[in-house]
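In what follows, a single structure is set out as structure tokens and then discussed.
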Amino acid sequence: MISKNAYLNVVCGLALTIFCSVVNAHPEVRSIKTQEKVIALTFDDGPTIPYTNEILAILDKHHVKATFFVMGIHAKSNIPILKKMVEGGHEIGNHSMYHDKENKKSTQALIKELPEVDKIIRQSGYKGEIMFRSPFGLTSDTLRTALTQINKKNFLFDFLSQDWENPPAQIIVDRVVSHAKPGHIIVLHDGGKGRSPTVEATGLIIENLKSKGYKFVTASELLTYGPAKH
Ligand SMILES: [Zn+2]
């Protein structure tokens, strides 16, 4: 005969398991539903010299914390830059090892690769949560299954400014600012060649959105403001 409390514990545990598996079935986050003027500023494909260092200096100047979704192969050869991110209070995310189309890989291959990138990130002394961002924003059931098994969110986006094509800084600023809304995720790129327009745009975007009352938060902080939109 089990006690009423023990019975309730079992029922609650079961309900929690079902709830968690439903939540984990949607590892993708494209924005957060909130009325508060909070925005996550994120950078992909780095770290690279000199652009990541230049961006870190701008963030420091404006007292803004961002999230860097690094490629494993770049992170490996730039651990001192990752250490600067940690010192600056920024968040670090996993953007795969080589920027492959991860949606085409098997669950098994992903479960092997992605923790290897985490291991490189941890060499910097970073202690926070490491979310994933799929290269090219591509998703698939195999990727979802892998992320669920290694308990990772896919921190995506619902708009891209296409800064990687290197338009003039003001064009990047106008595109980003016109799409900004509470709970939004801004994606810029600190990897690749000739990222100067993105570096210049970063400071202008921060000034513009701060003047409109927006507060910049990291990826994991953004998740605390409301439910995720998949
Ligand atoms: Zn990328």
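Each position in the sequence shown, counted from 1, maps to that position plus 30 in this note's numbering.
Cβ coordinates follow ideal geometry from the N, Cα and C atoms, glycine included.
Since the model is a prediction, treat every value here as computed from it, not as a measurement.
Count the other CB atoms, across all protein chains shown, that sit within 10 Å of the CB of residue i; report buried if there are 16 or more and exposed otherwise.
i           : result
residue 124 : buried
residue 142 : exposed
residue 224 : exposed
residue 188 : exposed
residue 132 : buried
residue 181 : exposed
residue 233 : buried
residue 93  : exposed
residue 79  : exposed
Among residues of its own chain, excluding the 5 on either side of residue i, which ones have a beta-carbon nearer than 6 Å to its beta-carbon?
i           : result
residue 167 : 186
residue 154 : 109, 112, 113, 116
residue 31  : Its pLDDT being 44, under 50, residue 31 is placed unreliably in this model, and the value from its coordinates should be taken loosely. Hits under 6 Å: none found.
residue 88  : 232, 233
residue 161 : 123, 183, 185, 249
residue 163 : 99, 123, 125, 185
residue 190 : 217
Which stretch, first to last residue, makes up the beta strand (DSSP E) that contains residue i?
i           : result
residue 171 : It is not in any beta strand (DSSP E) - residue 171 instead sits in the alpha helix (DSSP H) that spans 171-179.
residue 121 : 121-124
residue 245 : 245-247
residue 139 : Careful: residue 139 lies outside any beta strand (DSSP E), inside the alpha helix (DSSP H) at 137-152.
residue 215 : 214-219
residue 68  : 68-74
residue 82  : First-last for residue 82: 81-91, but that is the alpha helix (DSSP H), not the beta strand (DSSP E).
residue 100 : 97-100
Where do the ends of the alpha helix (DSSP H) carrying residue i lie?
i           : result
residue 196 : Unbroken run through residue 196: none, as it is neither H nor E.
residue 110 : 109-117
residue 234 : 226-241
Suppose the cutoff is 8 Å on Cβ atoms and the five residues either side in sequence are ignored; what does the same chain contact list for residue i look like?
i           : result
residue 257 : 62, 63
residue 260 : 56, 58, 59, 60
residue 230 : 199
Alpha carbon to alpha carbon, how far is residue j from residue i? Give it in angstroms, no decimals.
i           : j           : result
residue 144 : residue 91  : 33 Å
residue 209 : residue 120 : 23 Å
residue 211 : residue 57  : 22 Å
residue 201 : residue 207 : 10 Å
residue 243 : residue 67  : 7 Å
residue 175 : residue 128 : 20 Å
residue 101 : residue 246 : 23 Å
residue 147 : residue 251 : 22 Å
Can you list, in chain order, the residues of its chain whose CB lies under 7 Å from that of residue i, leaving out five sequence neighbours each side?
i           : result
residue 54  : Reliability fails at residue 54, whose pLDDT of 48 lies under 50, so the model's placement of it is uncertain and the value that follows must be treated cautiously. For residue 54, where only same-chain residues beyond five positions count, the Cβ hits under 7 Å are 178.
residue 219 : 73, 74, 75, 193, 194, 225, 228
residue 82  : 76, 111, 220
Would you grab the beta carbon distance between residue i and residue j for me? Rounded to a whole angstrom, and I think it's under 8 Å.
i           : j           : result
residue 118 : residue 86  : 6 Å
residue 77  : residue 99  : No, residue 77 and residue 99 are not in contact; Cβ-Cβ is about 11 Å, not under 8 Å.
residue 151 : residue 96  : Contact doesn't hold; Cβ gap of about 15 Å is too wide.
residue 156 : residue 213 : Not confirmed; about 25 Å, so no contact.
residue 204 : residue 165 : Incorrect: roughly 26 Å between the Cβ atoms, too far for contact.
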